[in-house]
Amino acid sequence: MTNFLHRSVLYQECLTALQPYSGGTYIDGTVGAGGHTRGILEHSAPDGKVLAFDRDPTALEVARAQVGASADRVTWLQASYADMQLLAPQNGFVQVDGILLDLGVSSMQLDTPSRGFALRYDAMLDMRFDPDQPQTAADLVNTLPEAALANVFWQYGEVRNSRQLARVIVNNRPITTTIQLADLVSANSPRRNKRIHPATQVFQALRIAVNDELGALERGLPGAIELLKPGGRIAVISFHSLEDRFVKNLFRDLSRDCICPPHQPICTCDWQPVVRLVTRKAIQASDEEMQVNPRSRSARLRVAEKL
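First residue of the sequence shown: 1, per this note's numbering; consecutive thereafter.
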């Protein structure tokens, strides 16, 4: 696993946004294979420090190898970034200069067949970021009531025929492998895009549900902002419209200088903005990066600075 080929999405854009410097303190809330962490360490040498979170123990192992001799400047935690407001101070990171969140599944997880994230490999339906958590994708597929399963597909994957697919799945239980599920979805879905497998959104929806990804974001992002020093920056890369919308709306709301009702002629709220928007619009990957790393096509980077 330590030889895994990893390309960090929007690598230079993240470093430009965070502006790491020597002596700074940083949090990588989703360390993955460690590419962004390595960049932060290099730009904050010789004595910048990083607190690295990931729920996946394999990711932490790979990231430790990626950063090499700089690993002694990293504190590694197998935990969710959703808990960083509690865990960071316990590990000496009370207020920090920068925080990075690279949301979603990593290429490393997708390209490891046994993890059950990818529909192109025949494996058990797993999809857990943390292999010790009890609930797998197979558990959801085989135990959720039809209506709840349809809701997962629609809410997290925007699957158009979510009700039909939920009914088909319930009628064909048990379903235990990725290929079983992919074939069943494919046989019961119109092929609207030849480049995209019909089961792609179903797999995405199950992964988000299994790992409570939106719940983690809703808990973790406000806590992350609380940890920033004045002038500290937070950079968030999202790959899903629901995630990006939440980040955009929270940054926008916290940057307002008034939260009075729109029809009220005089401000009485005495609200003080918490952040400044560094990016008014999301930053996207360049054409060159998308050619090298197709996963970057859906990436959206938003950056805010603590006031």
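Here a beta-carbon is modelled for each residue, glycine too, at the ideal position from N, C-alpha and C.
**Request:** Compute the distance between the beta-carbons of residue 210 and residue 84, then report whether it is under 7 Å.
**Result:** By 1-based counting over the sequence shown, the position of residue 210 is 210. By 1-based counting over the sequence shown, the position of residue 84 is 84. Not in contact: residue 210 and residue 84 (Cβ atoms no closer than 7 Å).
**Prompt:** Counting along the chain, where does the alpha helix (DSSP H) carrying residue 153 start and finish?
**Reply:** For the purposes of this step, residue 153 is taken as residue 153 along the sequence shown, with counting starting at 1. 146-157 is the span of the alpha helix (DSSP H), which, as asked, contains residue 153.
**Rounded separation between residue 88 and residue 206 - CA only** = Mapped onto the sequence shown, residue 88 falls at position 88. Mapped onto the sequence shown, residue 206 falls at position 206. Roughly 29 Å between the two C-alpha positions.
**Message:** I'd like to check one pair, residue 123 with residue 178: are the Cβ atoms closer than 7 Å?
**Reply:** Here the question's residue 178 lines up with position 178 in the sequence shown. Here the question's residue 123 lines up with position 123 in the sequence shown. Yes, the pair counts as a contact, with Cβ atoms nearer than the cut-off.
**Request:** Using beta-carbon positions only, say whether residue 300 and residue 253 come within less than 7 Å of one another.
**Result:** Along the sequence shown, one-based indexing puts residue 300 at 300. Along the sequence shown, one-based indexing puts residue 253 at 253. No, these two residues do not count as a Cβ contact at 7 Å.
**Message:** Considering only the alpha carbon of each residue, which of 241, 226, 222 lies closest to residue 208?
**Reply:** For the purposes of this step, residue 208 is identified with residue 208 of the sequence shown, where counting begins at 1. Of the listed residues, the one whose Cα sits closest to residue 208 is 241.
**Asked** If we count the other Cβ atoms within 10 Å of its Cβ and call it buried at 16 or more, is residue 41 buried or exposed?
**Response** Within the sequence shown, numbered from 1, the residue matching residue 41 stands at position 41. Answer is buried; the Cβ neighbour count reaches 16.
**Prompt:** Straight-line CA distance for residue 38 to residue 11?
**Reply:** Translated into positions along the sequence shown, residue 38 becomes position 38. Translated into positions along the sequence shown, residue 11 becomes position 11. So the alpha carbons of these two residues sit roughly 10 Å apart.
**Request:** Throw me the rounded Cβ distance for the residue 43 and residue 102 pair, which I believe falls under 8 Å.
**Result:** Position 43 of the sequence shown, counted from the first residue, corresponds to residue 43. Position 102 of the sequence shown, counted from the first residue, corresponds to residue 102. Their Cβ separation, rounded to whole angstroms, is 17 Å, which puts residue 43 and residue 102 out of contact at 8 Å.
**Message:** If you reduce the DSSP assignment to three classes, tell me which class residue 52 lands in.
**Reply:** Locating residue 52 in the sequence shown gives position 52, counting from the first residue. Reduced to three states, the DSSP call for residue 52 is strand.
**Message:** Report the start-end ranges of each beta strand (DSSP E) in the segment 188-274 that is 3 residues or longer and not cut off at the edges.
**Reply:** 228-238
**Prompt:** Counting only runs that start and end within the segment 60-97, where is the beta strand (DSSP E) found for 3 or more residues in a row?
**Reply:** 74-78
**Request:** Thinking residue 137 and residue 149 are a contact (beta carbons under 8 Å), I'd like their distance in whole angstroms, please.
**Result:** The sequence position of residue 137 within the sequence shown is 137, counting from 1. The sequence position of residue 149 within the sequence shown is 149, counting from 1. Rounded, the Cβ-Cβ distance is 11 Å, inconsistent with contact.
**Item:** Rounded C-alpha distance that separates residue 13 from residue 237
**Value:** Here the question's residue 13 lines up with position 13 in the sequence shown. Here the question's residue 237 lines up with position 237 in the sequence shown. Rounded to whole angstroms, residue 13 to residue 237 spans 10 Å at the Cα level.
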